[in-house]
Amino acid sequence: TAMASLVLAVLVLPSATTAAVTTARRNCSNTCGEVDEIPYPFGLGPSCSLPGFSLTCADNASYPMLGNLPIESFYIFDSNNLYANISYSYNYLCARISYTVKMIPGVRDYSVHWEAPARHFAMSGSSNMLFVVGCGVKASLFIGNSTVEVGNCSVVCAEARIMEKLPKGVCDGIGCCFIDIQVNLRAFTLNISRTSGSARSKEVYAFISGGGKDQIFWPIDALRSLLPEYLEGYEFATLEWAIPYKPNCKRAMEDRASYACVANHSECKDSSIGGYFCVCKWGDYGNPYVDARCPEYEPPQPSPPPQRAAEEGL
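In my numbering, the protein residues as written are 50 to 363.
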């Protein structure tokens with residue numbers, strides 16, 4: 050038996066120079082609960098979104114829904130922001146994908162399954178890793194429902210009195226192991242099997258993180274119910290999305306009626322999951338899917354002479 054949670058978030062951080070720029074379609078409501086701006090091609094209802102990107106907002110809802118998934122937040126990254134590599138403008142979402150597997154006496158094998166919210170979404174293989182926290186299990190990750198294995202790892206533990214003395218460190222097989230995903234996934238199956246020769250935990254936690262393998266944890270936590278604390282400290286998984294109506298930019302630009310990169314100063318990029326996405330040529334802010342929502346080119350300003358710079362405190 051497994052309990053799973055998934056929270057989807059588009060990450061964007063408005064800068065002082067771009068906070069006033071709206072990224073929604075004109076005449077469309079773009080707020081829902083705690084989300085104060087929903088950027089196109091996402092939108093509330095089919096008339097305010099591209100097909101496949103429609104969200105719903107129930108009365109008194111905290112977040113809009115993409116299918117049965119809550120969208121937690123939308124932000125737009127400034128080009129100088131540290132996290133611009135997962136910018137909305139570069140067709141990434143962030144998702145919290147986590148599972149709690151309760152270990153039942155006498156049951157050896159467990160299985161959980163995940164699917165992207167639609168065909169034009171996929172878990173990115175360039176950054177994501179599956180972490181398994183627990184004791185006395187082997188985890189195997191498969192593509193979709195197939196027998197094609199992405200990878201596997203095993204986790205062992207000593208008795209609690211020994212685990213308490215172990216220092217915090219990277220995930221190395223004692224209380225925690227990881228699988229480097231490396232392939233784009235629209236769906237996966239995770240099999241978890243009990244193993245012998247190790248202390249056992251009552252629960253096993255599995256979650257996807259895009260923050261790399263060198264994340265720190267306490268080995269004793271594998272014997273405790275501390276998944277929420279893990280999720281607070283780990284990066285979200287990254288999901289790629291694409292405009293799915295044409296297989297690539299070349300084909301998309303041949304059909305201007307359905308071409309999604311409508312803003313001036315926007316350009317098209319082929320997506321690694323099929324289809325394409327749009328970006329603004331001059332900077333990471335703005336919205337290439339909405340008319341007049343990409344900034345114009347601003348040539349770099351020359352540096353002031355040294356004497357003037359000193360006078361101005363630069």
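Backbone N, C-alpha and C define an ideal beta-carbon position, used for all residues, glycine too. Computed from a prediction, not measured in an experiment: that's the story for all the values here.
Would you call the region 287-304 in contact with the region 201-215, where contact means no fewer than 3 C-beta pairs closer than 8 Å? no
**Study point:** Segment contact flag, the region 164-183 with the region 226-234, C-beta cutoff 8 Å, min 3 pairs
**Key:** yes
Span of the beta strand (DSSP E), counted from its first residue to its last, around C327: Y325 to C329
Looking at the secondary structure, which residues open and close the beta strand (DSSP E) in which E316 lies? S315 to D319
Could you give the first and the last residue of the continuous beta strand (DSSP E) run that contains K151? Y141 to K151
Contact set for C310: own chain, Cβ-Cβ below 6 Å, skip 5 residues either direction
C317, C327 and P337
(message) Looking at S147: is its Cβ nearer than 8 Å to the Cβ of F256?
(response) yes
Note to self: Could you pull the DSSP bridge partners for K217 from this structure?
What the structure shows: For K217, which the question treats as bridged, DSSP gives no partner whatsoever.
Span of the alpha helix (DSSP H), counted from its first residue to its last, around K187:
Counting along the chain, K187 falls outside any alpha helix (DSSP H), though it belongs to the beta strand (DSSP E) covering V186 to I192.
- State the DSSP-derived secondary structure class of E289, mapped to helix, strand or coil. strand
Check your understanding: Taking just the CA atoms, how far does K330 sit from A312?
Key -> 10 Å
What are the partner residues of M114, as DSSP defines its beta bridges? T105 and P119
Practice problem: In the DSSP assignment, find the unbroken alpha helix (DSSP H) run with E303 in it and report its ends. | Solution: C298 to E303
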